[in-house]
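Novice: What follows is a single structure, and I will ask about it in a moment.
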Amino acid sequence: MIINHPLLGPRDASEFVYKGDASLIERPDWQADNAAELFHDYLYLRDNPAGEHQELWYHEQGDRSWLVVTRNTLTHDITNVELARDAVLAKQAKKSGRGEK
Numbered sequence: 747m748i749i750n751h752p753l754l755g756p757r758d759a760s761e762f763v764y765k766g767d768a769s770l771i772e773r774p775d776w777q778a779d780n781a782a783e784l785f786h787d788y789l790y791l792r793d794n795p796a797g798e799h800q801e802l803w804y805h806e807q808g809d810r811s812w813l814v815v816t817r818n819t820l821t822h823d824i825t826n827v828e829l830a831r832d833a834v835l836a837k838q839a840k841k842s843g844r845g846e847k
């Protein structure tokens with residue numbers, strides 16, 4: 747499988763380590779009234795989707811970057827790759843109303 751790294755171009759998947767569902771980026775608020783319940787769900791509950799899914803990949807054998815890879819779990823086709831930092835910033839901008847429309 748080839749991952750098209752946003753900075754380095756096409757790289758073999760063997761250079762990367764799969765780290766799980768990309769929703770792990772969105773940690774719960776530790777100061778929330780229901781923080782224990784939120785962290786339980788965050789740590790232990792996972793979806794197992796068939797189809798398009800966003801995943802975290804770490805470029806261990808390269809520039810040590812974190813990527814959000816959108817991949818079809820049935821066909822392994824990769825439809826999008828972005829730096830995790832950019833994905834987080836885009837979500838924050840969208841929440842605050844500054845994102846693209």
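By our numbering, the letter at position 93 of the sequence shown is numbered 839, and the numbering carries on one by one without gaps.
Yeah, the Cβ is synthetic: ideal placement off N, Cα and C, and Gly gets one too.
Spatial neighbours of V814 within its chain, please: CB distance less than 6 Å, with the 5 preceding and 5 following residues excluded, ordered by chain position.
Specialist: Stepping through the sequence shown from its first residue, residue 814 is reached at position 68. Contacts found: A768, Q800, E828, A830, A833.
Novice: Which same chain residues end up closer than 7 Å to L820 when comparing Cβ atoms and leaving out the 5 residues on each side of it in sequence?
Specialist: As a first step, residue 820 must be located in the sequence shown, where it is residue number 74. Contacts found: A796, G797.
Novice: The beta strand (DSSP E) with R757 in it runs from where to where?
Specialist: Mapped onto the sequence shown, residue 757 falls at position 11. Taken as a continuous stretch (DSSP letters only), the beta strand (DSSP E) holding R757 covers 755–758.
Novice: Using the three-state DSSP reduction, which class does R817 fall into: helix, strand or coil?
Specialist: Position 71 of the sequence shown, counted from the start, is the residue given in the question as residue 817. The answer is strand: DSSP assigns R817 an E or B state.
Novice: In whole angstroms, what is the alpha-carbon distance linking N780 and N794?
Specialist: In the sequence shown, residue 780 corresponds to position 34, counting from 1. In the sequence shown, residue 794 corresponds to position 48, counting from 1. Cα to Cα, N780 sits roughly 25 Å from N794.
Novice: Smallest Cα separation from L784: which of L791, R792, Y790, P774?
Specialist: As a position in the sequence shown, residue 784 is number 38, starting the count at 1. L784 has its Cα closest to that of P774, out of L791, R792, Y790, P774.
Novice: Do V763 and W803 come within 8 Å of each other at the CB atom, strictly closer than that value?
Specialist: Along the sequence shown, read from residue 1 onward, the residue named residue 803 stands at position 57. Along the sequence shown, read from residue 1 onward, the residue named residue 763 stands at position 17. Cβ atoms of W803 and V763: closer than 8 Å.
Novice: Can you pull the DSSP bridge partners for I749?
Specialist: Residue mapping note: residue 749 aligns to position 3 of the sequence shown, counting from 1. Beta-bridge pairing links I749 to R757.
Novice: Give me the residue from I748, K765, P752 with the minimum Cα distance to D758.
Specialist: Within the sequence shown, the letter at position 12 stands for residue 758. Out of I748, K765, P752, I748 has the C-alpha closest to the C-alpha of D758.
Novice: For R817, is the classification buried or exposed, using 16 other Cβ atoms within 10 angstroms of its Cβ as the cut-off for buried?
Specialist: Here residue 817 refers to the residue found at position 71 of the sequence shown. Per the 10 Å Cβ criterion, buried.
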